[in-house]
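As structure tokens, the structure follows; a few thoughts come after it.
2 protein chains.
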Amino acid sequence: MKAIWEVAGSGAASTKDVAERLSIAPPSVTNMFVRLQEMGLVEYERYRGASLTRRGREEALRLIRRHRLIETFLLEHLGYSWREVHEEAERLEHAVSDGFTGRLAEFLGHPDQDPHGDPIPAADGSLAPDDSFPLSEATAGQRVRISKVGDDPSTLDYLGDHGLVPGRLLSVREVRDLDGVVTVEDEDGESHALGAPLAGAVFVRGE
Amino acid sequence: MKAIWEVAGSGAASTKDVAERLSIAPPSVTNMFVRLQEMGLVEYERYRGASLTRRGREEALRLIRRHRLIETFLLEHLGYSWREVHEEAERLEHAVSDGFTGRLAEFLGHPDQDPHGDPIPAADGSLAPDDSFPLSEATAGQRVRISKVGDDPSTLDYLGDHGLVPGRLLSVREVRDLDGVVTVEDEDGESHALGAPLAGAVFVRGE
DNA sequence: CCCGATTATTAGCCTTACCTAATTTACTGA
DNA sequence: TCAGTAAATTAGGTAAGGCTAATAATCGGG
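Those protein sequences? They're chains B and U, same order as listed. If you count by our numbering, then the first sequence holds residues 1 to 207, one letter each, in order. If you count by our numbering, then the second sequence holds residues 208 to 414, one letter each, in order.
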């Protein structure tokens with residue numbers, strides 16, 4: 001469910017994309033699509049991918065809520081680094097109950113976003129709309145705030161080391177079409193030139 | 208592994224006892240014994256039960272360590288009650304990495320016993336020897352400190368409600384052979400008469 | 001010392017969640 | 001439009017971890 005949401009949002013997720021996200025073989029995904037449809041969590045048509053039903057979306061958002069709350073806890077209270085946190089949270093989210101999730105939210109002070117800057121769905125399944133866009137789509141001169149960063153570990157490490165973390169305010173100096181390099185200046189006057197892959201992994205909101 | 212340890216310590220655990228502890232059918236246990244033996248975690252002889260090898264014991268103690276650290280966290284930081292905590296910890300302990308365990312121990316200040324009063328094995332697998340005994344084996348006039356209480360939920364609730372928790376100092380007033388009732392007085396001068404089942408579930412150490 | 005009760009094992013089956021290999025469908029560009 | 005390729009599905013298999021029913025071993029009392 002979570003993989004479908006992450007891969008396709010409310011649209012239809014392809015077998016291949018889901019298989020890649022989960023690192024499993026495509027036939028296993030087809031199989032799962034059929035079963036999820038029987039359970040009423042997914043709308044599925046052969047050769048056309050699967051999309052979430054209302055119930056399916058709720059289920060996915062509950063999982064994502066768990067995941068992000070757990071990540072927040074691991075990062076803020078157990079001293080995990082960004083590169084370690086994802087894997088641990090992935091395993092934990094399948095083992096914890098709703099009761100645990102609620103108490104953890106309480107413990108953390110009901111945060112509405114995780115340390116990546118991703119919004120944490122509310123217990124009722126509602127999710128703040130996301131108006132952020134990748135830095136690669138910014139325009140020169142714009143002032144933006146980092147809202148989240150991609151979750152690839154080495155990307156995360158690099159950005160973290162350079163202070164490019166959610167909440168940071170940036171001025172966009174140049175967006176060069178030729179090679180996709182985006183140059184930004186941070187609050188300390190430090191300037192960063194980010195290649196296309198990095199610029200695409202830094203999500204921002206206009207200020 | 209954990210079930211074998213809990214049921215038999217370093218002795219041999221019977222198929223039946225383990226099956227009961229895990230609420231599964233005996234044949235499943237026989238099956239598992241065979242596989243654990245192939246893995247070198249258990250010494251097993253048909254019709255004679257299984258006992259842990261050195262590696263098996265280490266493995267079991269690592270799990271118990273996890274379990275007790277998780278329980279401690281749930282009770283002390285997430286506001287779980289004794290009756291809820293066991294089930295949640297049981298599921299979590301299988302999802303958590305050694306890294307998590309270490310950081311959680313750190314977060315909790317490296318406690319050496321859980322809130323039940325059970326010792327928490329050290330990371331290297333060593334476990335403090337347990338010199339406690341059930342209240343039913345105390346003698347009148349003895350002063351004892353509660354070291355742990357049985358983990359049956361309703362027992363736990365009753366004892367908790369009456370302030371009979373680990374750490375509490377008690378004076379043994381009477382141990383009546385006739386019906387097994389043990390009468391104790393707590394630090395506040397409050398007197399408690401505990402029937403055989405309760406007296407057997409309260410473990411104490413001489414002061 | 002042996003017989004019946006208790007405990008354990010074997011045999012055979014099920015479901016879940018994966019896999020690979022072979023086949024089918026859909027898509028795209030000449 | 002149609003052929004080649006990419007994606008998806010079907011077919012059939014494996015291992016883990018359960019189950020029940022039937023059989024076998026052990027043990028304790030008369």
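Just so you know, even glycine gets a beta-carbon here, dropped at the ideal spot from N, CA and C.
In the same chain as R83 (chain B), and ignoring 5 residues on each side of it, the C-beta atoms closer than 8 Å to its own belong to P153, S154, L156 and D157, in chain order. Leaving aside the five residues that flank G256 (chain U) on each side, the residues in its chain whose CB is nearer than 6 Å to its CB run, in chain order, A219, A220 and S221. Interface annotation, L376 (chain U): not in contact with chain B, CB-CB separation never under 8 Å. By the neighbour-count criterion, in which a residue is buried when 16 or more other Cβ atoms sit within 10 angstroms of its Cβ, M1 (chain B) is buried.
Counting along the chain, the unbroken alpha helix (DSSP H) around L63 (chain B) starts and ends at R54 to H77. Contact note: E295 (chain U) reaches chain B through V96, S97, G99 and F100, using a C-beta cutoff of 8 Å and chain order.
Contact check for L376 (chain U) against R350 (chain U) passes: the beta carbons are separated by less than 8 Å.
In this structure, the beta-carbon distance from P328 (chain U) to K355 (chain U) does not fall below 8 Å. The shortest C-alpha to C-alpha distance from A193 (chain B) to any of B:D131, B:L164, B:R68 and B:R205 is the one to B:L164. DSSP links F307 (chain U) through a beta bridge to no other residue.
Judged by their CB atoms, L63 (chain B) and T53 (chain B) are not nearer to each other than the 8 Å cut-off.
Residue U:I353 holds the alpha-carbon nearest to the alpha-carbon of V409 (chain U) among U:H369, U:E381 and U:I353. For F133 (chain B), the closest Cβ of chain U is not nearer than 8 Å. One finds F107 in chain B with Cβ atoms closer than 7 Å to the Cβ of H284 (chain U), taken in chain order. Nearest to P134 (chain B) by C-alpha distance, out of B:V29, B:S81 and B:L198, is B:L198.
The beta-carbon of E58 (chain B) is placed no less than 8 Å from the nearest beta-carbon of chain U.
Only residues of its own chain outside the window of five on either side were considered, and among them R65, R66 and L69 have a CB closer than 7 Å to the CB of T101 (chain B), listed in chain order. Against chain B, a Cβ distance below 9 Å from L299 (chain U) picks out L92, A95, V96 and F100. Chain B places no beta carbon closer than 8 Å to that of L229 (chain U), leaving this residue out of the contacts. It is roughly 32 Å from the alpha-carbon of G117 (chain B) to the alpha-carbon of H317 (chain U). DSSP places E300 (chain U) in the coil class of the three-state scheme, outside both helix and strand.
Note on geometry: alpha-carbon atoms of P26 (chain B) and D368 (chain U) lie some 55 Å from one another.
The CB of L104 (chain B) comes closer than 9 Å to the CB of L285 in chain U, given here in chain order.
Within the DSSP secondary-structure output, G206 (chain B) pairs in a beta bridge with B:V144.
In terms of Cβ geometry, S343 (chain U) and R412 (chain U) do not form a close pair [threshold 8 Å]. Under the DSSP assignment, T183 (chain B) falls in the beta strand (DSSP E) whose first and last residues are V182 to D186. For E84 (chain B), the nearest beta carbon of chain U is closer than 8 Å to its own beta carbon. Distance from the CA atom of V225 (chain U) to the CA atom of A210 (chain U), rounded to whole angstroms, is 6 Å. Contact check between the stretch 296-311 of chain U and the stretch 78-98 of chain B: three or more CB pairs, one atom from each, fall below 8 Å, which counts as touching. Collapsing the DSSP output to three states places A199 (chain B) in a helix. With a threshold of 16 other beta carbon atoms within 10 Å, Y251 (chain U) meets it and is buried. Residue pairing by DSSP places F340 (chain U) opposite U:V411 in a beta bridge. Distance between A123 (chain B) and D114 (chain B), taken at the CA atoms: about 15 Å.
Distances from the alpha-carbon of V172 (chain B) to those of B:E187, B:L178 and B:D179 put B:E187 closest.
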